[in-house]
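Numbering (our numbering), first residue to last: 9 to 428. Quick reminder that beta carbons are idealized off the backbone N, C-alpha and C, glycines included.
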Ligand SMILES: Cc1ncc(COP(=O)(O)O)c(C=O)c1O
């Protein structure tokens, strides 16, 4: 029997579709790819050039300089860390895959969740147990639903061992509050689950003074691995810089050694010049911190604007507080949409594309209920070309810049068309 060919990741596939259709002259508003779209901070380019001489493979976990810098980054975030707890890699995606390979048993995911966790679990031969997120935020399962799901899964022969939490969350652009993180950490301890805390959006909280962040690694230090990277905060997705922080103790040692074993067979090490860049960025010099804060403000302004547009069109939507995503729910318009043959996330996304040239990621591609009228809109793709991105970063109100305002108007018209 020929095995089924796995499909490419839907966000990457949609990104390619947009490129092809734009090349044919179509005008599309692309909201289906979670790329930060920021101009390159010049000092990063300088570090990359200066790092070119690092041509050797080096240690699988990364060299001492970069691991020290990453340890410092976590230590400054209330997570005391020594360099031996840190592994760097070409992106956090391979680190997440290696973790799934290193931990036996099945995986519990919030539903909806970033679209890569579930396919990775399947590659690792795991079952996926999806648990709905609470009404207040995404990125974490609702605790009561999690208890029930664990019981049901075990009764059906599954062996849930790993709980993935996304803080802040892609796709909802929200952050689980500390009390909820504490509750889930206690539950993970009770149920003997390891936690993977994907904190790649941690430094993109829009208003950090009003949005307290608690890492599961603070609440359940002995069982939490944190992953992160520079793809989102500094817009370096294509440079592929990811990091992982492992717990102290036997469990942490076992996990780190398992990930390093997988890494040694899969990617060997993070490219030397990228380690040089990462050592600089994770030391957090003032220009890096200033850029990250400016970017977070921009992401917040544009995400809030798209949120307002969705709510004005009649959708419900959690107010975004981090990252560059909104996740509207058009359930209040179900009757009107059904009259036009729109009955779930696939037909909703198709209608937005066909009627308005709006490209979004349908909720079912993120593990959500296919009958729900939900999708993810990545708002960072609206910033335009490098020159326009720089103007957006510098603007008091980026949503009033002509190129951004024009795209926001198109989104408003598209959503209004749904409601008509
Ligand atoms: C929640 C989440 N985790 C991880 C990643 C992967 O990032 P990278 O492999 O570039 O570090 C992404 C990128 O879209 C993401 O949204």
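- Within its own chain, the residues whose Cβ lies closer than 7 Å to the Cβ of residue 209, once the five positions on either side in sequence are excluded, are 176, 178, 240, 330 and 331, listed in chain order.
- Between the alpha carbons of residue 180 and residue 261 lies a distance of about 33 Å.
- For the pair residue 388 and residue 399, the Cα-to-Cα distance works out to about 14 Å.
- By the C-beta criterion, the stretch 295-305 is judged not to be in contact with the stretch 244-259, since fewer than 3 inter-stretch pairs fall below 8 Å.
- Of the heavy atoms belonging to ligand 1, at least one sits nearer than 7 Å to the Cβ of residue 245.
- Excluding residues up to 5 positions away in sequence, 423, 424 and 427 lie with their Cβ nearer than 6 Å to the Cβ of residue 321 in the same chain.
- Rounded to whole angstroms, the Cβ separation of residue 409 and residue 337 is 29 Å, and the two are not in contact under 8 Å.
- Those residues whose C-beta sits under 6 Å from the nearest heavy atom of ligand 1 are, from N- to C-terminal order along the chain, 42, 99, 100, 101, 122, 174, 178, 206, 208, 237, 239, 245 and 250.
- When secondary structure is reduced to three states using DSSP, residue 350 falls in the coil class, being assigned neither helix nor strand.
- For the pair residue 169 and residue 201, the CB atoms are nearer than the 8 Å cut-off.
- In this structure, the CA atom of residue 114 is about 6 Å from the CA atom of residue 136.
- Per DSSP, residue 310 is not a residue of any beta strand (DSSP E); the alpha helix (DSSP H) it occupies stretches across 294-320.
- In this structure, residue 204 keeps its C-beta atom at 8 Å or more from the C-beta atom of residue 251.
- Boundaries of the beta strand (DSSP E) harbouring residue 138: 136-140, taken from the DSSP string.
- Residue 371 is positioned such that its CB atom lies closer than 8 Å to that of residue 120.
- The C-alpha of residue 148 is placed about 9 Å away from the C-alpha of residue 188.
- Looking at 242, 207 and 72, the one whose alpha-carbon comes closest to that of residue 91 is 72.
- Looking at the DSSP output, residue 38 sits in a beta bridge with 367.
- Residue 131 has its alpha-carbon roughly 37 Å from the corresponding atom of residue 397.
- Between residue 97 and residue 243, the gap from beta carbon to beta carbon reaches 8 Å or more.
- Taking each of 108, 274 and 185 in turn and checking the Cα distance to residue 221, the smallest one comes out for 185.
- Residue burial annotation: residue 35 is exposed, with fewer than 16 other C-beta atoms found within 10 angstroms of its C-beta.
- Under the DSSP assignment, residue 119 falls in the beta strand (DSSP E) whose first and last residues are 114-119.
- Pairing residue 70 with residue 277 gives a Cβ-Cβ distance under 8 Å.
- For residue 253, there is no enclosing alpha helix (DSSP H); the residue is part of the beta strand (DSSP E) that begins and ends at 250-253.
- When C-alpha distances from residue 68 are compared across 103, 82 and 292, the shortest belongs to 103.
- Here residue 65 is exposed. Its C-beta has fewer than 16 other C-beta atoms within 10 Å.
- Looking at 421, 342, 328 and 343, the one whose alpha-carbon comes closest to that of residue 144 is 328.
- Following the DSSP letters along the chain, one finds residue 53 in no beta strand (DSSP E) but inside the alpha helix (DSSP H) bounded by residues 50-58.
- Secondary structure note for residue 272: its alpha helix (DSSP H) is the uninterrupted segment 257-274.
- In this structure, the CA atom of residue 164 is about 15 Å from the CA atom of residue 154.
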